[in-house]
Amino acid sequence: MRIPRTFKRWLGVLGLAAATAVLVTACGGGDGGGSSSGSNGNGGNNGNGGSDGNSGNTAVITVNAGVANVINIPTVSVKVCAPGTSNCQVVNNVLVDTASYGLRLVGSAVSGVLGNLPQVTSGGAPVAECGKFVSSYTWGSVRTVDLSIGSEQASSLPVQIIGDLGTTNVPSSCTNGGASANSASALGANGILGIGPAPVDCGTTCATSTSTNNNYYACPNGDNASCAVALVPVAQQVANPVHRFADSSGVSVTMPAISNNGQASATGTLTFGLPDLTGKTVMTSTTTGDVSATFLGRNVTAFFDTGSNAYFFNDSSQTVCSRNAQFYCPSAATTYSATLTGQNGVSGTVSMPVTNADSLFSNSSTFAFNDIAGPFGSSSWLDIGMPHFYNKTIYFGMDKTASGGAAPFVAF
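Shown next, in the form of structure tokens:
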């Protein structure tokens, strides 16, 4: 039996995202029905895979119950093919994450093509990758696919396949005593489309060092027991597909206004390529998308993150919910503000309304919220999550500095 909207919180690392990937589910009303296992709604087929439902340089963003009844999960559909073939599969319900880098797909969501996806190797051994979280982990092989989203294409793109290697004998340096999060029900989606500024999910660190910051492993015998941390060239690391698209300058996320009481669903647009941003507040960022901020009288690091389903920050004076303890429950609606400053010195202000989450979540059929927040765990960070994206268009410039191009930025 599934208990929908039960708590799951991940605060950890997918590659470069040093403090991103917060995902919390909310306790609401009765059972939402369905099954908690497998990859619900993957929409995949063998053959040419059909259409992904997107057009041109845009993709449809959907927020609804999704595969696991998780609130504020913006998802798109993508099409993956075995490289150089017409053996393809459409994968629905892939989380759009502006604070991680690269495509990760649950193995069961690509079962129709998985056996034909070439494995990336290091020293002749198949490569696997670990995603480490506070109390859980993901584990799976690194393979290449031909990816298309609408008319945008990336050939022979290295991606992570989550869960295809099982959980037996996964290296302890990956599991760290935690539980696996290798299913769609655990992730809250059939995969993660990381479209933050960085071109790859690790970079030179994983190509030159086997330190604890390297999440890549080589598995000489093809099984988990033989896996050890390994060097992987940058060109073979899990890559941000936006950098390989024809419209590679950046992305924008456009979402509609929604009710302050929440809605059952919301539909927006992910656009590849950037328009003229004259008149916008353009703040250059780190390659991970971070900017400086002043918030609640302290200096913090802030980032815009569709992969976090609430605002997350520490306010010791705020009331934590009695029922949904990962969220705040102010006695009256309140609005926080922060002043952000880019590396170019440009500043802008963001406002963040917060309402009593216990009250909002009493309606178990609502999944889109613009006014929920929760404690982060560290007072030095401000996670500007999915609630902030409603009724706005927010732009992200890719990090092109390695090739002498533009610095990464966020604009609104």
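Taking mature numbering (1 follows the signal peptide of the UniProt record, and there is no 0), I'd label the letters of the sequence shown as residues -26 to -1, 1 to 386. For glycine and all other residues, C-beta sits at the position ideal for the given N, C-alpha and C.
In the DSSP annotation of this structure, Leu69 is not part of any alpha helix (DSSP H); the continuous beta strand (DSSP E) holding it starts and ends at 62 to 71.
Closest option to Asn150, judged by alpha-carbon separation, among Thr112, Gly281, Asn46, Val54: Thr112.
Assigned with DSSP and collapsed to three states, Pro132 falls in strand. Taking the Cβ atoms as the reference, Pro230 lies roughly 7 Å from Asn365, within the contact range of under 8 Å. With 16 or more other Cβ atoms inside 10 Å of its own Cβ, Pro215 counts as buried. Counting C-beta pairs with one atom in each stretch, the region 111 to 125 and the region 91 to 103 have three or more that are closer than 8 Å, which means they touch.
Taking C-beta atoms as the reference points, Ala347 and Asn298 fail to come closer than 7 Å.
DSSP places Cys176 in the coil class of the three-state scheme, outside both helix and strand. Contact check for Ser110 against Ala73 fails: the beta carbons are separated by 7 Å or more. For Asp332, the enclosing alpha helix (DSSP H) covers residues 331 to 334. The C-alpha of Phe269 is placed about 42 Å away from the C-alpha of Ser130. Rounded to whole angstroms, the separation of the alpha carbons of Asp138 and Ser82 is 8 Å.
Here the region 262 to 278 makes no contact with the region 338 to 345; the two share fewer than three CB pairs at distances below 8 Å. By alpha-carbon distance to Pro194, the top candidate from Arg218, Val203, Ile368, Thr179 is Val203. In this structure, Asp357 is the residue among Ala199, Ile368, Asp357, Leu121 with its C-alpha nearest to the C-alpha of Asn288.
Annotation: Phe383 to Phe335 spans about 34 Å, alpha carbon to alpha carbon. CA-CA distance, Gly177 to Thr186, rounds to 14 Å. Taking 7 Å as the cut-off, the Cβ atoms of Val50 and Val37 do not count as close. Counting only the Cα atoms, Leu205 lies some 38 Å from Thr228. Excluding the 5 residues flanking it on each side, Ser226 has same chain C-beta neighbours closer than 6 Å at Thr245, Thr367, Tyr369, in chain order. By the CB criterion at 7 Å, Asn189 and Cys104 fall inside the cutoff.
Shown here, Arg297 sits in coil according to DSSP, grouped into three states, outside any helix or strand.
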